[in-house]
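Residue numbers (this note's numbering), protein chains in the order written: chain A, 1 to 106; chain B, 1 to 91; chain C, 1 to 233; chain D, 1 to 489; chain E, 1 to 498. Scroll down for the structure; my scribbles are underneath it.
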């Protein structure tokens with residue numbers, strides 16, 4: 001057991017928590033939080049696991065950096081979409097049925 | 001030994017904040033806890049000898065994402081009743 | 001009742017998932033790793049043009065990833081502003097009247113700008129780089145925005161699009177130019193590596209900040225029916 | 001030479017994305033049409049190059065794997081590059097006419113379109129696990145952006161759901177990548193395969209494959225993870241739906257298939273292979289059933305995608321611990337299925353778009369009398385339907401034939417039943433639409449007649465998918481192009 | 001690549017290209033469309049005549065290429081394929097002429113004639129297919145191209161019939177595909193060959209072969225309308241008369257029967273089929289279908305429905321013929337492929353004429369129609385007598401040959417079936433003829449139309465008369481070379497002594 005491994009295992013737990021949140025929560029912003037937490041978990045595994053044996057490894061660190069930027073891009077886009085969706089429909093989750101089809105699919 | 005304790009506490013704090021961020025009743029508080037989670041993550045990255053990620057996490061995870069979500073929460077929270085009423089009027 | 005059952009199933013599934021994942025991590029951590037990439041990296045650092053290994057990986061060894069990743073950012077930005085229907089950025093409702101924030105802004109903004117500059121400059125040989133700097137810059141922008149700065153350049157228009165495209169374009173140009181002059185894509189000509197990386201990092205910083213800021217700005221929605229995109233840009 | 005091909009495939013779409021971002025819709029359209037020509041030429045060039053010199057690895061930035069990112073250019077990749085060139089060109093051309101140039105936000109269609117294309121090319125050629133992740137994200141986000149374009153509530157709802165599903169899928173994939181890196185210390189698929197050939201399988205690494213495949217299956221909308229697909233594909237603009245159904249879901253499937261074919265034997269197991277096949281079968285039955293019950297035309301087509309995607313996952317059981325010849329047949333069958341579905345579905349969505357434009361309604365029962373007054377659009381739709389029903393001489397039929405042979409050859413006769421029943425079920429929903437269109441209701445022609453160019457494009461695609469069966473041996477020969485280990489990077 | 005390789009392709013392409021051209025023509029291009037139709041039909045007839053002559057002299061026509069890895073696409077002309085090709089070429093010409101008249105002024109003619117040509121192209125492909133895979137290709141194409149014809153009128157009833165038709169035929173197609181794929185998996189790609197492939201085959205695969213045979217017959221039996229798979233045929237008669245003619249006489253049911261003959265003769269081989277014990281059950285099934293459908297026909301009051309059940313019964317003659325293990329009976333079966341086509345198309349043309357000219361659909365409305373439409377009624381009478389098997393008409397030749405063939409192999413029960421069927425035929429045709437000629441006409445016809453000098457439009461008038469004349473000719477001149485009977489003998493000779 002080394003420090004990186006501890007964090008990798010913590011990452012696994014965060015993944016589990018995030019996954020459950022992503023599936024179970026209904027509010028879209030909460031889902032987004034869950035996504036970010038799960039992402040953090042994945043990143044911890046990604047860095048922790050290789051560093052368990054070989055010490056600090058810049059490659060996964062660079063990958064995680066890329067991953068974080070992708071995640072923030074996705075999160076920001078999701079926020080835009082969610083806010084606009086909320087503005088138009090008054091709903092903050094996907095479970096309720098939308099209002100009667102008022103908009104043309106084309 | 002102290003290091004282990006520190007790491008153990010940090011991991012515990014991470015897990016607790018994660019759970020709290022997802023299941024706190026108040027959305028605003030959830031986002032604030034999430035920002036705290038981001039800060040803890042940054043510390044964790046330092047512990048993993050990844051200062052680059054720590055910086056990025058502090059700036060992005062704790063800062064930017066948090067602000068973005070806070071802004072969204074305030075919008076969704078404050079307008080919700082009003083918008084629903086408006087829609088009701090219109091229909 | 002259904003909901004409770006559903007929750008139970010989900011919780012069990014996630015628990016099982018976590019267990020399997022943790023077991024797997026534990027097992028893998030006991031196996032030897034066949035390829036030692038770190039060593040390979042150290043051997044090649046000399047040719048990378050920068051001293052900081054993470055930057056070397058990001059902007060030299062795996063620069064294609066980074067290029068595409070900036071692409072992802074730009075896409076998010078485009079998708080965001082395609083949705084933006086902000087009639088006016090000087091909408092009084094947008095302006096926060098919080099005096100605390102105002103004070104914060106006055107002190108923080110210059111500080112953060114300096115920090116961003118430092119991070120950018122440090123990237124070549126110390127922790128830091130375009131992402132961090134870009135994020136800080138974006139956070140600065142957010143702060144200013146919350147403080148009510150008009151930020152006219154963030155209106156959907158040519159300037160915004162140019163800003164979005166800037167970092168990506170320069171990166172792309174370098175990639176292609178290096179191919180035309182040298183022998184492979186994204187293979188920087190020897191001697192110019194460092195300079196090019198610094199140039200790329202600088203524009204990337206601006207671009208990242210721009211995209212994130214644009215997404216932040218385009219998130220609020222008001223009742224304007226049509227975006228003001230038709231206006232001459 | 002190789003340099004220029006790589007430039008054309010990977011960087012010009014990106015450049016075009018930037019260029020079109022700076023323009024308005026009309027100019028963007030012009031630039032896009034030029035770019036399409038370039039892309040088609042480059043794709044053909046790549047084909048020529050590979051068929052002359054064989055496939056090769058190409059290290060980007062001059063760095064070889066495992067340090068750098070290596071692209072793998074082989075017959076399969078060339079096949080998909082060519083397919084993308086055909087389908088994306090058609091969609092781009094169609095979109096240029098179809099999409100309303102007056103709506104200001106439509107200018108963002110072109111940059112998203114080009115980003116999507118570059119992501120697809122990156123995925124077809126990718127040989128690096130993390131690079132594939134970034135490519136997938138490039139595709140997913142631009143696809144989400146395209147679905148959300150216009151920003152109506154329904155589209156937003158669909159795109160949010162799509163985004164969440166895509167993100168979750170990516171995370172699962174990334175987690176798998178993390179485990180692979182933790183185990184093997186490399187991100188290059190070839191490196192992992194090379195090592196596994198000579199060493200025993202390390203314990204605990206099967207989960208990596210399982211996670212990656214699960215994540216990709218979610219992105220490909222395999223039953224029961226398919227629920228995000230029909231809303232997104234149904235509500236997007238028709239050229240977008242065509243791109244999504246024809247190419248985007250194929251990208252994640254392509255990676256899953258590649259991983260399975262390379263790593264399935266050491267890291268997979270029989271139960272998992274059969275399970276995936278079973279889910280595929282369930283997708284075929286359930287998707288077709290729901291397609292029969294939809295009231296809206298594009299929803300029918302979207303659910304049909306769910307069903308057709310099911311066929312693709314029969315690859316898993318049909319290539320796991322079976323003889324070499326069966327594996328080859330299964331691979332060929334699936335490749336043909338991907339190609340023919342891409343062509344047919346693109347044709348179908350574009351034709352459906354035309355029909356909706358003409359009838360002014362998106363419902364199936366609005367098609368009354370269409371057969372009389374708009375035979376051309378209907379005919380494209382119908383021909384594409386032939387391929388979906390996998391009737392001869394379409395590519396779908398050739399694919400089904402090969403899969404039948406593979407199932408029989410490996411003794412897994414239960415997939416035979418699935419294939420046959422699936423064909424009949426797809427006939428049920430295709431004929432439902434024919435039926436609606438043959439109803440004679442009124443004597444007058446109250447339909448809007450779309451411009452010729454809109455009608456011709458789906459027709460070309462439909463004819464391609466129909467004729468594919470006749471030339472399938474030639475098409476598959478591209479896939480079998482030899483691979484030179486010592487290529488010329 | 002000589003000319004000989006291309007002639008089958010050309011024969012196929014004539015109707016395929018014609019169909020594409022017709023689809024592209026505007027609805028109003030009446031003359032041009034008719035010209036294209038007739039030109040293509042004549043051209044195809046010419047090509048078929050050339051091939052018939054060539055096949056007779058032993059010239060090989062054919063083309064093949066690998067379509068899907070492991071399977072070849074083969075077009076090949078042999079004696080049997082020329083029989084079917086000749087039938088479809090001749091009858092296509094006549095049906096086209098008839099359809100031009102029949103559909104005058106009705107909507108959707110481009111669509112109709114386009115699919116009509118496509119349908120004939122598929123039939124040609126079925127005839128020229130050189131292996132089961134190619135056969136299946138065109139077999140399914142036939143299904144698809146006939147659907148729009150069946151639902152042509154666009155009424156609820158037509159759509160319902162179309163639905164039944166598609167459910168039956170596509171399911172049959174799926175079973176057929178299973179059988180073909182399985183066979184391919186067991187023994188590989190088998191070209192059609194006189195004498196078959198399985199004489200003295202490995203006993204290990206006999207069980208599979210038997211099962212595959214059952215599946216093949218079940219798959220093909222849907223189109224051939226063997227009991228109990230015949231349900232779609234009577235429903236499909238809501239289609240316009242030329243389509244019924246096509247379905248019943250030229251294309252669809254014939255494709256099924258043709259396929260069964262191909263399987264028995266050229267895939268399995270009569271010897272092997274018989275050795276596997278497959279022929280006798282098939283013969284019983286066919287015999288049962290003959291009797292059953294004839295009995296059902298008795299109760300039909302709708303003229304076209306009665307004719308439809310008659311078709312079900314008559315097509316099984318072909319199957320009965322080939323499933324008797326003896327050359328003479330086989331000749332009887334094969335020749336009926338042509339004879340039934342000619343006679344049945346006569347009857348459907350006539351039924352169409354009555355409907356189109358006088359508005360008659362039901363048998364009880366036919367009283368005295370003979371006097372109003374003597375030409376059509378003479379043709380109808382000849383066709384009906386042909387069906388009953390009166391000498392010297394076409395049907396007689398069939399029944400006589402088949403009966404003597406059955407006697408030759410000691411299957412006396414077949415003769416009983418033939419006699420019973422003839423009596424039943426008489427029982428459902430003679431009352432119609434009686435009404436036609438000897439009853440007083442009703443005061444006015446349900447829906448009468450006038451066409452100048454002739455009793456009906458010239459386009460409608462001549463085709464049934466021509467086919468009626470052919471019905472007589474093929475019977476009277478049966479012993480001449482190139483008559484259907486002689487040609488069938490040629491086929492059987494090649495089959496039984498490959």
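Where a beta carbon is used, it is the ideal one built from N, C-alpha and C, also for glycine. All values reported here derive from a predicted model rather than from experimental measurement.
Item to complete: List the endpoints of the continuous alpha helix (DSSP H) containing residue 143 (chain E).
Response: Reading the fifth chain from its first residue, position 143 is the one you call residue 143 (chain E). Run containing residue 143 (chain E): 132–150, per the alpha helix (DSSP H) assignment.
Practice prompt. Whole angstroms is fine: what's the gap from residue 310 (chain D)'s alpha carbon to residue 155 (chain E)'s?
Written response: If you number the fourth chain from 1, residue 310 (chain D) lands on position 310. If you number the fifth chain from 1, residue 155 (chain E) lands on position 155. In a straight line, the C-alpha of residue 310 (chain D) is about 36 Å away from that of residue 155 (chain E).
Worksheet item: What beta strand (DSSP E) runs, 3 residues minimum, are completely inside the region 345–405 of chain D?
Response: none
Discussion item. Could you compute how far the alpha carbon of residue 21 (chain E) sits from the alpha carbon of residue 121 (chain E)?
Written reply: Here residue 21 (chain E) is taken as the residue at index 21 of the fifth chain, counted from 1. Here residue 121 (chain E) is taken as the residue at index 121 of the fifth chain, counted from 1. Rounded to whole angstroms, residue 21 (chain E) to residue 121 (chain E) spans 14 Å at the Cα level.
Discussion item. Within a Cβ cutoff of 7 Å, which residues of the same chain sit near residue 181 (chain D), ignoring the five residues on either side of it in sequence?
Written reply: As a position in the fourth chain, residue 181 (chain D) is number 181, starting the count at 1. 187.
Worksheet item: Which word fits residue 116 (chain E), buried or exposed, when buried means at least 16 other C-beta atoms lie within 10 angstroms of its C-beta?
Response: Residue 116 (chain E) sits at position 116 when you count from the first residue of the fifth chain. Buried: at least 16 other Cβ atoms inside 10 Å.
Worksheet item: Does any residue of chain A bring its CB to less than 8 Å from the CB of residue 65 (chain C)?
Response: In the third chain, residue 65 (chain C) corresponds to position 65, counting from 1. Taking Cβ atoms only, chain A reaches closer than 8 Å to residue 65 (chain C), which makes this a yes.
Fill in: Counted within 10 angstroms of its Cβ, other Cβ atoms place residue 106 (chain E) as buried (16 or more) or exposed
The residue given as residue 106 (chain E) occupies position 106 in the fifth chain. It counts as exposed.
Practice prompt. Determine the direct distance from the alpha carbon of residue 400 (chain E) to that of residue 414 (chain E), and round the result to whole angstroms.
Written response: Numbered from 1 along the fifth chain, position 414 holds the residue referred to as residue 414 (chain E). Numbered from 1 along the fifth chain, position 400 holds the residue referred to as residue 400 (chain E). Their Cα atoms are separated by approximately 11 Å.
Item to complete: Could you pull the start and end residues of the alpha helix (DSSP H) that residue 434 (chain D) belongs to?
Response: Here residue 434 (chain D) corresponds to residue number 434 of the fourth chain, with the count starting at 1. It spans 414–438 - the alpha helix (DSSP H) in which residue 434 (chain D) sits, taken as one unbroken run.
Worksheet item: Can you tell me the Cα-Cα spacing of residue 325 (chain D) and residue 247 (chain D), whole angstroms?
Response: In the fourth chain, the residue the question calls residue 325 (chain D) occupies position 325. In the fourth chain, the residue the question calls residue 247 (chain D) occupies position 247. Straight-line Cα distance between these residues: approximately 28 Å.
Worksheet item: What are the boundary residues of the beta strand (DSSP E) that includes residue 76 (chain E)?
Response: The residue you call residue 76 (chain E) lines up with position 76 of the fifth chain. From DSSP, the beta strand (DSSP E) with residue 76 (chain E) extends over 71–77.
Fill in: Exposure of residue 515 (chain E), with buried meaning 16 or more beta-carbon neighbours within 10 Å
Any property of residue 515 (chain E) remains undetermined from this structure, which presents chain E solely from 1 to 498.
Practice prompt. Tell me, please, whether the CB atom of residue 112 (chain A) is closer than 8 Å to any CB atom in chain D?
Written response: It is not possible to answer for residue 112 (chain A), since the shown part of chain A is limited to 1 through 106.
Practice prompt. Assign residue 127 (chain C) to one of three DSSP states: helix, strand, or coil.
Written response: Within the third chain, numbered from 1, the residue matching residue 127 (chain C) stands at position 127. Residue 127 (chain C): coil per DSSP, three-state reduction.
Worksheet item: Who are residue 359 (chain E)'s beta bridge partners in DSSP?
Response: Position 359 of the fifth chain holds residue 359 (chain E). According to DSSP, residue 359 (chain E) bridges with nothing at all.
Discussion item. When you compare the region 175–192 of chain E with the region 242–252 of chain E, are there three or more beta-carbon pairs, one atom per stretch, that lie closer than 8 Å?
Written reply: no
Practice prompt. Please state whether DSSP places residue 62 (chain E) in a helix, a strand or coil.
Written response: Stepping through the fifth chain from its first residue, residue 62 (chain E) is reached at position 62. Strand.
Worksheet item: How should residue 91 (chain C) be labelled, buried or exposed, when 16 other C-beta atoms within 10 angstroms of its C-beta is the threshold for buried?
Response: Locating residue 91 (chain C) in the third chain gives position 91, where the first residue counts as 1. Reliability of the predicted coordinates at residue 91 (chain C) is poor, the pLDDT of 47 falling under 50, and the value obtained from them is presented with this limitation in mind. Burial is judged here by how many other beta carbons sit within 10 angstroms of a residue's own beta carbon; residue 91 (chain C) has fewer than 16 and is exposed.
Fill in: Within chain D, the residues that residue 218 (chain C) reaches when beta carbons sit closer than 7 Å
For the purposes of this step, residue 218 (chain C) is taken as residue 218 along the third chain, with counting starting at 1. What residue 218 (chain C) touches in chain D: nothing, since even the nearest Cβ is about 11 Å away.
Worksheet item: Can you find a CB in chain B that lies within less than 8 Å of the CB of residue 87 (chain C)?
Response: Here residue 87 (chain C) refers to the residue found at position 87 of the third chain. Unreliable placement is indicated for residue 87 (chain C), whose pLDDT of 42 sits below 50; no coordinate value is reported for it.
Fill in: Sufficient close CB pairs (3 or more, under 8 Å) joining the region 47–60 of chain A to the region 80–93 of chain A
no
Fill in: Rounded straight-line distance, which links the Cα of residue 268 (chain E) to that of residue 133 (chain E)
Your numbering for residue 133 (chain E) matches position 133 in the fifth chain. Your numbering for residue 268 (chain E) matches position 268 in the fifth chain. When rounded, the distance between both Cα atoms is 15 Å.
Fill in: residue 25 (chain D) in three-state terms, based on DSSP
Position 25 of the fourth chain, counting from 1, holds the residue named residue 25 (chain D). DSSP places residue 25 (chain D) in helix when its eight states are reduced to three.
Worksheet entry | Cut-off 6 Å between Cβ atoms - residues of its own chain near residue 163 (chain C), not counting five sequence neighbours on either side | Numbered from its first residue, the third chain carries residue 163 (chain C) at position 163. Hits under 6 Å: 210.
Item to complete: Return yes when the Cβ of residue 250 (chain E) is within less than 8 Å of the Cβ of residue 87 (chain E), no when it is not.
Response: Start at 1 with the first residue of the fifth chain, and residue 87 (chain E) comes out as number 87. Start at 1 with the first residue of the fifth chain, and residue 250 (chain E) comes out as number 250. Contact: yes.
Worksheet item: Mind listing which residues of the region 50–70 of chain B have their C-beta closer than 7 Å to chain C's C-betas, in chain order?
Response: Cβ contacts with chain C come from 51, 52, 55, 56, 59, 60, 63, 64, 67 and 68.
Discussion item. Would residue 490 (chain E) and residue 79 (chain E) be called neighbours here (beta carbons separated by less than 8 Å)?
Written reply: Sequence index remark: in the fifth chain, residue 490 (chain E) carries index 490 (1-based). Sequence index remark: in the fifth chain, residue 79 (chain E) carries index 79 (1-based). Yes, Cβ-Cβ distance for residue 490 (chain E) and residue 79 (chain E) is below 8 Å.
Item to complete: Return the CA-CA distance between residue 331 (chain E) and residue 321 (chain E), expressed in angstroms with no decimal places.
Response: For the purposes of this step, residue 331 (chain E) is taken as residue 331 along the fifth chain, with counting starting at 1. For the purposes of this step, residue 321 (chain E) is taken as residue 321 along the fifth chain, with counting starting at 1. The straight-line gap from Cα to Cα measures roughly 7 Å.
Worksheet item: Of all the options E:460, E:488, E:209 and E:464, which has the alpha carbon lying nearest to the alpha carbon of residue 104 (chain E)?
Response: Sequence index remark: in the fifth chain, residue 104 (chain E) carries index 104 (1-based). If we check each option's Cα against that of residue 104 (chain E), E:460 comes out closest.
Worksheet item: Do the region 10–26 of chain A and the region 5–23 of chain B meet, that is, are 3 or more Cβ pairs less than 8 Å apart?
Response: yes
Worksheet item: Name the chain D residues that come within less than 8 Å of residue 3 (chain A), Cβ to Cβ?
Response: In the first chain, residue 3 (chain A) corresponds to position 3, counting from 1. Within 8 Å Cβ-Cβ: nothing; residue 3 (chain A) doesn't reach chain D, min ~15 Å.
Worksheet entry | Cα-Cα separation, residue 262 (chain D) to residue 179 (chain D) | Start at 1 with the first residue of the fourth chain, and residue 262 (chain D) comes out as number 262. Start at 1 with the first residue of the fourth chain, and residue 179 (chain D) comes out as number 179. In a straight line, the C-alpha of residue 262 (chain D) is about 17 Å away from that of residue 179 (chain D).
Worksheet item: Going by the beta-carbon positions, is the gap between residue 430 (chain D) and residue 360 (chain D) smaller than 8 Å?
Response: If you number the fourth chain from 1, residue 430 (chain D) lands on position 430. If you number the fourth chain from 1, residue 360 (chain D) lands on position 360. No; because the gap between Cβ atoms is not below 8 Å, this pair is not in contact.
Worksheet item: Using the beta-carbon of each residue, which ones in chain D are nearer than 7 Å to residue 37 (chain E)?
Response: Walking along the fifth chain from the start, residue 37 (chain E) turns up at place 37. Correct list: empty, because the minimum Cβ distance to chain D is about 18 Å.
Fill in: Contacts that residue 34 (chain B) makes with chain A (C-beta to C-beta distance below 9 Å)
The residue you call residue 34 (chain B) lines up with position 34 of the second chain. Those are 33, 36 and 37, listed as they occur along chain A.
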